[in-house]
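Counting along the sequence shown from 1, when you hit position 223 you're at 309 in the working numbering, and nothing is skipped either side.
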Amino acid sequence: MAFRLSQKAFGQLLRSQSRSITTSVTGRALARSAVTTSACSRSTLVKAFSTSRMCMNAQQNAVETSNDASKRQQQRQLSTDTVFFSNLPFFTDQKGFEQLLAEFGPVSNINWTTSPKSKAPWCFVTFKSPQDAATLVESSKQEPFYFGGRNLGVQFAHARADPKARTGGGPVFPPSNQVYFRHFRGDLNDLKTFLGEHANGVNFAYFGVDRQTNTQRDSGVIRFASVEQAQAVINELRGKRGPDGMAVFLRFASDTNPQAEQMRQESQQSGAETPQAA
């Protein structure tokens with residue numbers, strides 16, 4: 087009888103220990119599950135926060151980039167003192183046009199030119215103050231610039247890129263001792279007068295000749311003794327009015343420019359002479 091009680095007590099003890107072990111294992115499993123769940127929750131929150139922060143940074147960078155681009159555009163406009171006018175009347179009252187421009191501010195130079203196809207005039211107006219140029223362009227956006235019975239096209243004349251930085255889109259004329267001129271209606275004596283003291287540095291000069299009509303063109307090339315003299319002429323005389331009152335266009339003429347060489351040969355055939363140095 088005592089043995090049976092002892093065996094029964096031993097069985098109860100084993101079942102009690104088994105339940106304790108099971109409870110312990112289950113508790114540890116639940117604890118691990120809770121830790122895992124907590125870790126997953128933290129990971130999810132970190133990822134969500136990181137993604138949100140990246141989106142906010144991207145939006146902020148986009149806004150800053152847009153603002154920077156707008157500021158750069160405004161700075162370019164304020165640093166541009168030249169305005170391009172198009173759609174001018176064929177017979178433009180240049181003096182009346184200049185008087186109208188003076189209402190916006192002092193003008194340092196007006197370069198008149200014509201379209202190669204329609205011969206309609208264009209002009210580049212350089213103001214002494216970039217702010218005056220900006221005021222004119224902005225006012226034309228609010229109210230069209232009216233002159234000669236029509237609305238004119240008004241926009242900033244963007245400066246040409248540095249020839250060393252250009253990759254295409256047109257010919258490049260590096261500095262040389264030759265200067266190409268256009269819109270000069272006169273003879274070699276008029277050209278000498280136009281050059282003034284710079285005529286002393288001229289080695290050779292010629293006008294182009296129209297082979298169909300055998301008449302002198304309003305363009306040609308002047309060869310100076312040095313590149314520095316050619317640069318000085320371009321800087322000081324570009325836009326200066328010629329004998330007929332039109333602004334003269336000047337730029338470097340490359341030594342390898344085939345058009346300049348053709349003009350030189352045509353000029354020699356027509357017996358053109360070089361103005362004598364004073």
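In this text, a Cβ means the ideal position worked out from N, Cα and C, and glycines have one as well.
Note that the coordinates shown come from a computational prediction; the quantities given were computed from them, not determined experimentally.
Sub-8 Å separation of Gly-366 and Pro-175 beta-carbons: Here the chain has residues from 87 to 364 only, and residue 366 is not among them.
Asn-263, buried or exposed, once every other Cβ within 10 Å from all chains shown has been counted against 16: buried
CB contact flag (Gly-287, Pro-329, <8 Å): no
Endpoints, beta strand (DSSP E) assigned at Asn-239: A small fix is needed here, since residue 239 is Gly in this sequence, not Asn. Where Gly-239 is concerned, the enclosing beta strand (DSSP E) stretches over 236-242.
Nonlocal neighbours in the same chain, by C-beta distance under 6 Å from Phe-335, ignoring five residues either side: Arg-268 and His-269
Local Cβ density within 10 Å of Gly-306, reported as buried at 16 or more and exposed below that: buried
Distance between beta carbons of His-284 and Ala-333, contact taken as under 8 Å: With a Cβ gap of about 17 Å, Ala-333 and His-284 do not count as contacting.
For Gly-306, the first and last residue of its enclosing beta strand (DSSP E): 301-310
Through-space distance from Ala-311 to Asp-218, alpha-carbon basis: 39 Å
Boundaries (first-last residue) of the alpha helix (DSSP H) holding Val-223: 216-228
Length of the line joining the Cα atoms of Ser-215 and Arg-297: 44 Å
Nearest candidate by alpha-carbon position, reference Glu-189, set Ser-225, Trp-198 and Pro-207: Ser-225
Option in Phe-170, Leu-277 and Asn-300 with minimal Cα separation from Tyr-292: Leu-277
Exposed unless 16 or more other CB atoms sit within 10 angstroms - verdict on Asp-167: buried
Straight-line gap, Gly-387 to Leu-274 (C-alpha atoms, nearest Å): Outside the shown range of the chain, which is 87 to 364, sits residue 387, and nothing can be said about it.
Cβ-Cβ distance between Gln-228 and Phe-170 below 8 Å: no
Straight-line Cα distance separating Arg-324 from Val-313: 16 Å
Proximal residues to Lys-326 (C-beta, below 8 Å), its chain only, five neighbours per side dropped: Phe-280, Ala-333 and Val-334
First through last residue of the beta strand (DSSP E) which encompasses Asn-197: 193-200
For Thr-221, the nearest candidate out of Thr-301, Leu-187 and Trp-198 (CA to CA): Leu-187
Cβ neighbour criterion (16 or more within 10 Å) applied to Pro-192: exposed
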